[in-house]
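Trainee:
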Amino acid sequence: MPRQRCSPAPFPPAAEAAEGEQRGEVDASLRLGLTSLFTARRPRSASSGAGFAVGDSLARAWERLARAGVDEPRLVAELLLARALGRARTWLHAHPEATVPTDAAGRFAALVARAARHEPLAYILGVREFYGHTFLVRSGVLVPRPETEVLVEVALARLQRPEPRVADVGCGCGAVAISVALARRDARVVALDRSARAVQVSRCNAQRLRAARVTVVRGDLLAPLRGPVDAVLANLPYLTAREMRRLPPALRREPRAALDGGPDGLALYRRLLPQAATLLRAGGLCAFEIGPAQSRAARALATATWPAARVGVVRDYAGRDRVVAVEL
Ligand SMILES: C[S@@+](CC[C@H](N)C(=O)[O-])C[C@H]1O[C@@H](n2cnc3c(N)ncnc32)[C@H](O)[C@@H]1O
């Protein structure tokens, strides 16, 4: 296997970057949706760079990000300045008058420019929190979303058998497979993806998060798998052709192969479910993530595959249909 670089984005120095992570601050803030702890105030100067106070640098950055149409511009500015300084975000809140050194100001300007071009924050920082764990993410691999945590919860609530064998199809950075494995230490989890990049990042995450019972395999859907499994979990691409034509700027930076689910978004699930049916043990579980508008069609697909199974749909935290759960 080629040597892999299983470390986060290149700066700040590892020891400094760890400061926030150790306190759980990186985890919390990377969920986005949190609001800035700074109150809005106008920048003192329109010029940029070194010699400015933390508060003023932030104000200038968030104005620029807001003008570029970036979501949560204040929070993004804080996370980027914290990264450029090698500090935790709370340090910024405690030191709004501290001067930003020249080198950090240069790094901050470069990071803000990337964010203003709608590069996803997780790609810039190199990490994203999911189910309480910090996952490495890289361009070319989908950034895990909070709503996918529902898939993990559905699996954990329904995996009754001891030492279950679980397959996570379309594993991306390994978020689902590794979260299940860390919560169910007796489980053996096979994470599969067609993308070499995703396989590489998943292996890094399994190693970093010490998920020793996760095996990552490259291949098309369940084709590489041999032998029966107790659960098939999947968050495969499910955007429709129409949604693919109208992708917002930040989503355009994520891999098409992780988003495009064919004309009605269910093309990959139409191939997956018959494969899962041949591998799942009696009493097994198939759970897969969908878009809310696909709920009825996805349920019909599941029922056509397993006429005798219990088929339900679980909602996400926003109350939208999100995961189809098939209990055999
Ligand atoms: C929506 S992403 C989900 C990634 C990850 N499970 C998550 O929730 O963050 C879908 C993943 O499915 C993978 N994929 C697409 N088609 C596939 C196929 N035919 N076989 C295996 N994986 C596939 C993509 O490479 C991508 O990593």
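First residue of the sequence shown: 119, per our numbering; consecutive thereafter.
Even glycine gets a Cβ: it sits at the ideal position worked out from N, Cα and C.
Keep in mind the model is a prediction, meaning the values are calculated, not measured.
(1) Let me confirm a value: Ala329 is counted as buried when at least 16 other C-beta atoms fall within 10 Å, else exposed. Which label applies?
(2) Is Gly288 near ligand 1, going by C-beta to nearest heavy atom under 7 Å?
(3) Within the same chain, show all residues whose beta-carbon is closer than 7 Å to that of Leu419, passing over the 5 residues directly before and after it, in chain order.
(4) Output the boundary residues of the beta strand (DSSP E) element that contains Val307.
(5) Give me, in chain order, the residues of the same chain whose beta-carbon lies closer than 6 Å to that of Gly151; leave out the 5 immediate sequence neighbours on both sides.
(6) So who's on the other strand from Thr252, going by DSSP bridges?
(7) Would you decide whether Ser175 is buried or exposed? Buried here means 16 or more other CB atoms lie within 10 Å of its CB.
(8) Which whole runs of the alpha helix (DSSP H) in the segment 363–437 are 4 residues long or more, in chain order?
(9) Let's see if you can read the secondary structure: which residues bound the beta strand (DSSP E) around Val298?
(10) In chain order, what residues of the same chain have a beta carbon less than 6 Å from the beta carbon of Arg315, not counting five sequence neighbours either side?
(11) Less than 7 Å separating the Cβ of Arg312 from some heavy atom of ligand 1?
(12) For Glu445, which beta-bridge partners are listed by DSSP?
(13) Do you know offhand how far Ala171's Cα is from Thr217's?
(14) What residue from Arg428, Ala341, Pro238 and Gly204 has the CA that sits closest to Val194's CA?
(15) One question on the structure: do Val284 and Val268 come within less than 8 Å of each other, judged by their Cβ atoms?
(16) Does at least one heavy atom of ligand 1 sit under 7 Å from the Cβ of Ala376?
(17) Go ahead and pull the three-state DSSP assignment for Leu269.
(18) Using only alpha-carbon positions, find the residue among Ser413, Glu361, Gly437 and Val287 that is nearest to Ala349.
(19) Using the Cβ count rule (16 or more neighbours within 10 Å means buried), how would you classify Trp424?
(20) Taking only the alpha-carbon atoms, compute the straight-line gap between Arg428 and Val442 and give it to the nearest angstrom.
(21) Identify whether Thr220 lies in helix, strand or coil by the three-state DSSP scheme.
(22) Count Cβ pairs between the segment 336–348 and the segment 245–255 that sit closer than 8 Å; are there 3 or more?
(23) Between Leu277 and Ala341, what straight-line distance do the alpha-carbon atoms span, to the nearest angstrom?
(24) With three or more C-beta pairs closer than 8 Å as the rule, is the segment 348–363 touching the segment 403–415?
(25) Could you pull the DSSP bridge partners for Asp286 from this structure?
(26) If we ignore side chains and look at the alpha-carbon of each, how far apart do Ala376 and Arg205 end up?
(27) Rounded to whole angstroms, what is the Cα-Cα separation between Pro367 and Arg302?
(28) Identify whether Ser125 lies in helix, strand or coil by the three-state DSSP scheme.
(29) Apart from the five residues on each side of it in sequence, which residues of its chain come closer than 7 Å, Cβ to Cβ, to Ser413?
(30) Report the rounded CA-to-CA distance for Tyr435 versus Trp209, giving the unit in angstroms.
Mentor: Put simply:
(1) buried
(2) yes
(3) Leu384, Tyr387, Arg388 and Leu391
(4) Arg306 to Asp311
(5) With a pLDDT of 32 at Gly151, under the threshold of 50, the modelled position of this residue cannot be trusted; read the value that follows with caution. Same-chain partners within the cutoff: there are none.
(6) Glu247
(7) buried
(8) 367–370, 385–397 and 413–423
(9) Run containing Val298: none in the beta strand (DSSP E); it sits in the alpha helix (DSSP H), Ala293 to Ala301.
(10) Gly258 and Val259
(11) yes
(12) Leu403 and Arg428
(13) 4 Å
(14) Pro238
(15) no
(16) yes
(17) helix
(18) Val287
(19) buried
(20) 10 Å
(21) helix
(22) no
(23) 23 Å
(24) yes
(25) Ala309 and Leu351
(26) 33 Å
(27) 37 Å
(28) coil
(29) Val431 and Asp439
(30) 31 Å
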